[in-house]
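Engineer:
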Amino acid sequence: MIRDIKFDNLRGLAIILVVLGHFIASCFNYFTFDLIRTAIFFFHMPLFIFISGYFSKIAADTNIKALKNVFIPFLIFNTLWILSIFLIYGDLSKTMYIIPGYGLWYLLSLFFWRTFLPAADRIKYIFWISILLALFIGTIDFTENLLAISRTLCFFPVFLFGYYFKDLKEKFTFNKYVSAGVFVTLLAAVTLLFVPKTIEILMLRASYVNMHLGNMEGIILRLIAIFVGIISCILLFNIMTSKETFLTKMGRNSLAIYVLHLYFVSYLPLVIGYLGFDFIFKSYIFSILYIALGTTFVLYILSRDVVTNGVNTLNKMVVKILIKDDSQNKNELIPSFNNIRGYLTKILNLNSIYKR
């Protein structure tokens with residue numbers, strides 16, 4: 139398969155920002171951190187989702203591929219997350235699979251998007267309908283992150299735009315320097331607008347009432363967030379190089395980085411605190427060093443090919459255990475029909491004996 143290096147680079151940029159954003163979130167709040175994190179949240183997950191939509195296809199095996207490549211990894215790493223919580227805190231959540239583990243909502247949402255895509259593609263004006271659903275879901279107050287319903291609906295327009303972007307690339311191709319200028323200006327403007335408000339708005343998981351917003355204000359802010367995310371994807375597509383860079387390797391190994399960095403982000407502060415170095419998080423300078431060194435270390439370790447190979451091998455093992463291949467299906471159908479025929483024969487024989 140010939141890989142599109144530009145999209146590997148875009149995916150690499152997205153995963154770097156995901157890791158950086160999570161490391162920033164693990165530190166005490168400083169205005170500079172809030173500013174950077176708000177800017178990142180406008181486009182890092184939209185970029186990931188845009189790329190996922192771009193490489194999604196409608197085929198006869200769409201659903202089974204979504205099951206093997208997305209849902210089973212979700213089950214594997216959600217189970218590992220549950221086990222890690224149990225081993226460290228001795229606690230088992232009552233909603234362990236209903237509410238996805240930390241950061242794993244994306245895999246569950248991606249499974250829903252790809253499974254529903256063949257049907258969605260046949261609906262007229264589905265892109266605009268998806269935007270209306272994204273805005274409407276915020277008016278409903280339900281358990282936050284339940285089956286990632288809110289994020290699934292709110293990011294669905296970004297996924298659809300990525301899917302349709304294959305046929306729209308020429309219309310959205312601009313000068314990279316102009317694109318860079320527009321991107322920086324747009325990002326600076328919306329960051330300054332949103333930073334005084336809660337960052338939950340950009341996470342697209344909570345209802346408007348839970349964010350202490352009126353429905354109209356929440357709808358307007360959510361609409362801005364969705365469209366800024368989509369516009370950022372277009373601009374970054376024009377800015378990003380098609381040459382191999384350090385981002386390329388990150389992008390190719392992004393799944394392993396995504397599912398494994400969560401453990402470093404969550405448990406590294408516990409280890410630091412246990413060793414008596416928790417003063418790091420109370421110092422602005424030390425926090426910056428922790429974020430920079432932690433992000434660099436995690437990205438370097440988890441972007442190794444051996445880590446990705448390990449994750450892929452684990453997934454293939456579970457797929458082999460849970461999913462039948464085509465030969466199994468054919469072989470198992472024959473005995474099943476034979477058994478049914480045998481049971482019917484016995485019933486008919488018994489019936490004939492009874493009549494006698």
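All residue numbers for the sequence shown refer to the working numbering, where the first residue is 139 and numbers rise by one.
Cβ coordinates follow ideal geometry from the N, Cα and C atoms, glycine included.
Compute the Euclidean distance between the alpha carbons of leucine 471 and tyrosine 401, then round it to the nearest angstrom.
Structural biologist: Because the pLDDT at leucine 471 is just 44, under 50, the model does not fix this residue reliably, and the point stays unresolved.
Engineer: Within 10 angstroms of its Cβ, does serine 370 collect 16 or more other Cβ (buried), or is it exposed?
Structural biologist: Buried: at least 16 other Cβ atoms inside 10 Å.
Engineer: Would you tell me roughly how many angstroms separate the C-alpha atoms of tyrosine 405 and glycine 432, rounded to the nearest one?
Structural biologist: Those two C-alpha atoms are separated by around 12 Å.
Engineer: Taking only heavy atoms of the ligand GDP into account, decide whether any of them is closer than 7 Å to the Cβ of serine 441.
Structural biologist: The ligand GDP is not part of the structure shown, which contains no ligands of any sort.
Engineer: Which of helix, strand or coil does DSSP assign to serine 247?
Structural biologist: DSSP places serine 247 in helix when its eight states are reduced to three.
Engineer: From Phe375, Leu351 and Phe166, pick the residue whose C-alpha is nearest to that of tyrosine 192; which is it?
Structural biologist: Comparing Cα-Cα distances from tyrosine 192 to each of Phe375, Leu351 and Phe166, the minimum goes to Phe375.
Engineer: Can you find the residues in the same chain that come closer than 6 Å, C-beta to C-beta, to aspartate 279, ignoring five residues on each side of it along the sequence?
Structural biologist: Around aspartate 279: Ser345 and Val347.
Engineer: Could you spell out the range, first to last residue, of the alpha helix (DSSP H) harbouring asparagine 453?
Structural biologist: Where asparagine 453 is concerned, the enclosing alpha helix (DSSP H) stretches over 443-460.
Engineer: I need the DSSP call for aspartate 305, collapsed to helix, strand or coil.
Structural biologist: Three-state result, aspartate 305: helix.
Engineer: When the Cα atoms are used, what is the spatial distance from isoleucine 362 to arginine 149?
Structural biologist: So the two alpha carbons sit approximately 23 Å from each other.
Engineer: Can you grab the Cα-Cα spacing for the pair proline 473 / leucine 460, in whole Å?
Structural biologist: Bear in mind that the predicted position of proline 473 carries a pLDDT of just 48, short of 50, making it too unreliable to give a figure here.
Engineer: Using 8 Å as the Cβ pair cut-off and three pairs as the minimum, do the region 232-243 and the region 253-271 touch?
Structural biologist: Output reads no: the region 253-271 does not touch the region 232-243.
Engineer: Identify every run of the alpha helix (DSSP H) within the region 170-245, keeping only runs that are complete inside it and at least 4 residues long; order them along the chain.
Structural biologist: Whole alpha helix (DSSP H) segments, 4+ residues: 182-192, 200-204 and 210-227.
Engineer: Of all the options Asn167, Ile174 and Leu155, which has the alpha carbon lying nearest to the alpha carbon of leucine 330?
Structural biologist: Of Asn167, Ile174 and Leu155, the residue nearest in Cα terms is Ile174.
Engineer: If you drop the 5 nearest sequence neighbours on each side, which residues of the same chain put their C-beta closer than 6 Å to that of valine 156?
Structural biologist: If we look at valine 156 and ignore the five residues flanking it on each side, its Cβ neighbours are His182.
Engineer: For arginine 141, which residues of its own chain have a beta-carbon under 8 Å away from its beta-carbon, when the five flanking residues on both sides are left out?
Structural biologist: Within the same chain, arginine 141 has close Cβ partners Arg390.
Engineer: Can you grab the Cα-Cα spacing for the pair threonine 200 / threonine 323, in whole Å?
Structural biologist: Distance between the alpha carbons of threonine 200 and threonine 323 is about 39 Å.
Engineer: In the DSSP assignment, the alpha helix (DSSP H) including arginine 289 goes from what residue to what residue?
Structural biologist: Where arginine 289 is concerned, the enclosing alpha helix (DSSP H) stretches over 287-292.
Engineer: Once DSSP output is grouped into helix, strand and coil, what is the label at cysteine 165?
Structural biologist: Coil at cysteine 165, not helix or strand.
Engineer: In chain order, what residues of the same chain have a beta carbon less than 7 Å from the beta carbon of serine 441, not counting five sequence neighbours either side?
Structural biologist: Within the same chain, serine 441 has close Cβ partners Lys387, Met388, Asn391 and Ile395.
Engineer: Less than 8 Å between the C-beta atoms of threonine 434 and asparagine 147, yes or no?
Structural biologist: It is not a contact, given that the beta carbons lie outside the stated cut-off.
Engineer: Which two residues bound the contiguous alpha helix (DSSP H) that contains arginine 421?
Structural biologist: Arginine is not the amino acid found at residue 421; the sequence shown has serine there. Looking at the DSSP string, serine 421 is not in any alpha helix (DSSP H), and its letter there is neither H nor E.
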